[in-house]
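*Asks:* Chains as they are written, first to last, in this note's numbering: chain U, -18 to 456; chain L, -18 to 456.
Don't be surprised by glycine CBs; every beta carbon is placed ideally from N, CA and C.
For reference, the structure I am asking about is given below.
Below is the structure:
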């Protein structure tokens, strides 16, 4: 979803806010003028994400252009105890952005400046509205890159807030490992900094990592410093097809256990390969498939490839099909990233219930195969993609919105899948976050003591519960 | 320091507790019998660490043998609002363990079981009293290892609590990146779990990383799950001497900027090499020196070495001196780890004021060279060791305890060094933690807003301030 364009800036009578006090509206209008909107279309654009939830529009939208804007908006909201929901580009997947208790959406997409590129330290500092692709474009000339790549061209602010990752995480880690420091506006509208550009620190509580993954419930992220990496000297990408999903998973398991520093190791099932071929006009062999990428020196990459080829062949893998040129690689990974949309297109008019779990890699086959069997037995069309090198996979159940029973069935499948992952020692979400959709699962995963601790932290940092209320856990 | 042996278990009249209510003492005696001690010698062993602070003994020591022991001890302490200070092996460096407000030291060194080795998932779960060497011994037969190596043979509990790292962090990260999950006893004596064995998770607030580095002020760590790594197929270690410190630092900078996955890149100055030679009976060339280790496949290691040799030679580095056998490598790294003791031995009868900062690597030369010049100008003997691949270095000022003016001077040097690191965008501690010694610096680094946030979290999780009170920041 692209960042919405603000329509007008004056209060539209047909879109009168449900709950905002008139004095607050007036203050916001005075302070933000054209950056403020209560137009229904704008509000509706900000009350949804890529999840299957119905729209829950905020009462108003402020398009912030600076940290000061964010601080002023939060301070005004705090004064009236009105919810504030940070909004990047709307690509989250679990209902994070829905204004379930009304309030103000803070659209930070105009805060899209790359502030400092410190190439010699392999760091870059950006505003929250910079997208991952824009960031990579900005640092291209330095020979460095930022590896974290959720499917969508998400904002770095949103990716920090949800602790996102993607296909490269198996080698480069997630936002947890790659955010060095943040600037954050607190619930009272104060601006603080967490962390420095130093690579390591033991200086007090790790506020950076507390904010990363807090989904806008503990503060509004207004600046992010992330790590960069030298572009690898050599890159090779290949696909390998297998007779069964289990063979593909077991190949992955061995690759990880042998410590091969593979940069990407992605799984699609045959069903999903078919959808990707149709959507991206590719001719991939339609069976369980690993899509792999190898980064390193020319010799190092050759060694990795030889090791992985040998493992794959032990599990009956076909000959590797290579993406030889950078263009072919881009096409392959774009196709992989578009698996979500390919899935949707494979059932015209459908909506998707996506899910996301991560298990210890030795339990991945159990987690994944049983979930596929259940979906097939239920007769719900689905797609399956996995960052299997990390033990992380997603299923998308493609439901007919006109048939409520399909939604019920999809949610049942999701419940079975997540509960199984928890039984296997895994987590209810590897990278999408909790939002609204995983709240109950989080309770099961973390237990009441840990949830109480989260709740205590939330109450301490946001006593009036104005920061993205109603998400992650019930207060 | 080795774990102390409890002496007796009965209250010694000459060591009557200063502040513990008699009813609490009685309850502790009933519950813990021989695991409870108020003997002066035992208390004194638990009221110090490797810092230069004077001893501040706790009023009593409980030798916990299980999570239940910890929970019961904390619950009793909570009932009487008495401080509780977790104690591993006493190797911390900034005064973390001193009972500055009295209370009970919880010695977890008997909780030294390796609970679960999950070799196929590259994880292991241990009790907090397991030391890093014991952990590596326990997993040896699996072909895996745990890379984090602070100088001392510290406990995994203590290393988690201080967010420790060491020589391998440049490649493998610190405790921040390597702790997957914890079991923690909260301030009320409740047992919670943070995280799972899944490699990634976006499931709620990152309580694991909040606890890591919280220095016993937010909970008592009773179980730790950490990542393991396959032992590298090939390992090569070498030293390289340089004419100047600047040349050694600039070599490091280029190595990191080129993305060489070097496993260890340590700096000693000539002064420190001399002390190490004397202490460990080595014949290292006495000048600025890098000690390096390369991990990978045989070909990969050769490539890394060739790249680094070429960079070093651009900066006038001498020919690499190789540690050819595993025994030679162990000797070399043991000597490096003993640099602290070598430093102490170089000035008989001295005490050490150590410090620890980390800066963005491009600022390392500035940070380090000025600090050396200042120490030399002041005429205080010192040693200098650096995990320079991370921009992290330590100085130890060797002071005569009989001459208080030396202590003042050393603290002045420390202040100049840390303030310079902060000006250069760094942190006041890369891996030692804040303890008592860095409290003021942390205020400068984090700013009042971030300190207020830490304070809010502390108050929310430990309302009676019983968990290691008086550390990190003033409440």
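Under the three-state reduction of DSSP, which class applies to residue -3 (chain L): helix, strand or coil?
*Replies:* Its pLDDT being 41, under 50, residue -3 (chain L) is placed unreliably by the model, and the measurement read from it follows with that caveat. Coil.
*Asks:* So, using beta-carbon positions, are residue 405 (chain L) and residue 312 (chain L) closer together than 7 Å?
*Replies:* no
*Asks:* If we call anything under 7 Å between Cβ atoms a contact, is residue 254 (chain U) one with residue 265 (chain U)?
*Replies:* yes
*Asks:* To the nearest angstrom, report how far apart residue 457 (chain U) and residue 203 (chain L) are at their CA atoms.
*Replies:* No answer is possible for residue 457 (chain U): it lies beyond the span of chain U, which begins at -18 and ends at 456.
*Asks:* At least one CB of chain U closer than 7 Å to the CB of residue 181 (chain L): is that the case?
*Replies:* So, interface residue.
*Asks:* One question on the structure: do residue 65 (chain L) and residue 87 (chain L) come within less than 7 Å of each other, judged by their Cβ atoms?
*Replies:* yes
*Asks:* Decide if residue 456 (chain L) is buried, meaning its Cβ has at least 16 other Cβ atoms within 10 Å, or exposed.
*Replies:* Exposed, since its Cβ has fewer than 16 Cβ neighbours within 10 Å.
*Asks:* Answer with yes or no whether the minimum CB distance from residue 438 (chain L) to chain U is below 7 Å.
*Replies:* yes
*Asks:* Is the Cβ-Cβ distance between residue 74 (chain U) and residue 37 (chain U) less than 7 Å?
*Replies:* In this structure, residue 37 (chain U) does not lie closer than 7 Å to residue 74 (chain U) by Cβ.
*Asks:* If you count every other CB in all the chains shown that lies within 10 Å of the CB of residue 26 (chain U), and 16 or more means buried, which is it?
*Replies:* Around the beta carbon of residue 26 (chain U), a 10 Å sphere encloses 16 or more other beta carbons of the protein chains shown; the residue is thus reported as buried.
*Asks:* Taking the alpha helix (DSSP H) that residue 153 (chain L) falls in, what are its first and last residues?
*Replies:* Start and end: 150 to 153.
*Asks:* Quick one: give me the first and last residue of the beta strand (DSSP E) that residue 222 (chain L) is part of.
*Replies:* Residue 222 (chain L) -> beta strand (DSSP E) spans 215 to 223.
*Asks:* Have a look at residue 92 (chain U) and residue 57 (chain L) and give me their C-alpha separation to the nearest angstrom.
*Replies:* Roughly 51 Å separates the two Cα atoms.
*Asks:* Under 7 Å, Cβ to Cβ, is there at least one residue of chain L near residue 55 (chain U)?
*Replies:* no
*Asks:* Going by other Cβ atoms of all chains shown within 10 Å of its Cβ, with 16 needed for buried, is residue -5 (chain L) buried or exposed?
*Replies:* Note that residue -5 (chain L) has pLDDT 38, beneath the 50 cutoff, so the model's placement of it is unreliable and the number below is only indicative. Exposed, since its Cβ has fewer than 16 Cβ neighbours within 10 Å.
*Asks:* Run down chain L in chain order and give the residues with a C-beta less than 9 Å from the C-beta of residue 96 (chain U).
*Replies:* Ordered by position in chain L, no residue passes the 9 Å Cβ test against residue 96 (chain U), which lies about 14 Å from the chain.
*Asks:* Residues of chain L with CB under 9 Å from residue 246 (chain U), in chain order?
*Replies:* What residue 246 (chain U) touches in chain L: nothing, since even the nearest Cβ is about 12 Å away.
*Asks:* Provide the residue span of the beta strand (DSSP E) that contains residue 23 (chain U), from first to last.
*Replies:* Unbroken run through residue 23 (chain U) is the alpha helix (DSSP H), 21 to 26; no beta strand (DSSP E).
*Asks:* Which of the three DSSP states is assigned to residue 210 (chain U) in this structure?
*Replies:* strand
*Asks:* Could you name the residues of chain L that residue 301 (chain U) contacts, counting a contact when the two beta carbons are closer than 8 Å?
*Replies:* Simply none; closest approach about 19 Å.
*Asks:* Would you say residue 256 (chain L) and residue 126 (chain L) are within 7 Å of each other, going by their C-beta atoms?
*Replies:* no
*Asks:* Within a Cβ cutoff of 7 Å, which residues of the same chain sit near residue 95 (chain L), ignoring the five residues on either side of it in sequence?
*Replies:* Within the same chain, residue 95 (chain L) has close Cβ partners 105, 107, 111, 116, 119.
*Asks:* For residue 52 (chain U), which residues in chain L fall below 9 Å Cβ to Cβ?
*Replies:* Correct list: empty, because the minimum Cβ distance to chain L is about 11 Å.
*Asks:* Which residues, in chain order, does the region 117 to 149 of chain U contribute to contact with chain L at a C-beta distance below 8 Å?
*Replies:* 143, 144, 145, 146
*Asks:* Where residue 426 (chain L) and residue 192 (chain U) are concerned, what is the direct C-alpha to C-alpha distance, given to the nearest angstrom?
*Replies:* 18 Å
*Asks:* Assuming residue 372 (chain L) and residue 340 (chain L) are in contact, meaning their beta carbons sit under 8 Å apart, how far apart are those beta carbons, in whole angstroms?
*Replies:* 5 Å
*Asks:* Please report how far the alpha carbon of residue 101 (chain U) lies from the alpha carbon of residue 210 (chain U), in whole angstroms.
*Replies:* 11 Å
*Asks:* I'd like to know whether the C-beta atoms of residue 146 (chain L) and residue 136 (chain L) end up nearer to each other than 7 Å.
*Replies:* no
*Asks:* If distances are taken between C-alpha atoms only, which option among U:245, U:235, U:59, U:307 comes closest to residue 131 (chain U)?
*Replies:* U:245
*Asks:* Are there 16 or more other CB atoms within 10 angstroms of the CB of residue 396 (chain L), so buried, or fewer, so exposed?
*Replies:* exposed
*Asks:* Of all the CB atoms in chain L, is at least one closer than 7 Å to the CB of residue 459 (chain U)?
*Replies:* The structure shown has nothing for residue 459 (chain U), since chain U only spans -18 to 456.
*Asks:* Using a Cβ-Cβ distance under 7 Å, would residue 420 (chain L) count as near chain U?
*Replies:* Not one chain U Cβ lies under 7 Å of residue 420 (chain L).
*Asks:* Under a three-way DSSP split, which group does residue -15 (chain U) fall into?
*Replies:* The predicted position of residue -15 (chain U) is uncertain, since its pLDDT is 31 and thus under 50; no value can be drawn from it.
*Asks:* At the 7 Å Cβ level, is residue 446 (chain U) part of the contact set with chain L, yes or no?
*Replies:* no
*Asks:* Cβ of residue 461 (chain U) less than 7 Å from any chain L Cβ?
*Replies:* Only positions -18 to 456 of chain U appear in this structure, which leaves residue 461 (chain U) out of reach.
*Asks:* Fully enclosed by the region 339 to 413 of chain U, which beta strand (DSSP E) runs are 3 residues long or longer?
*Replies:* 363 to 368, 373 to 380
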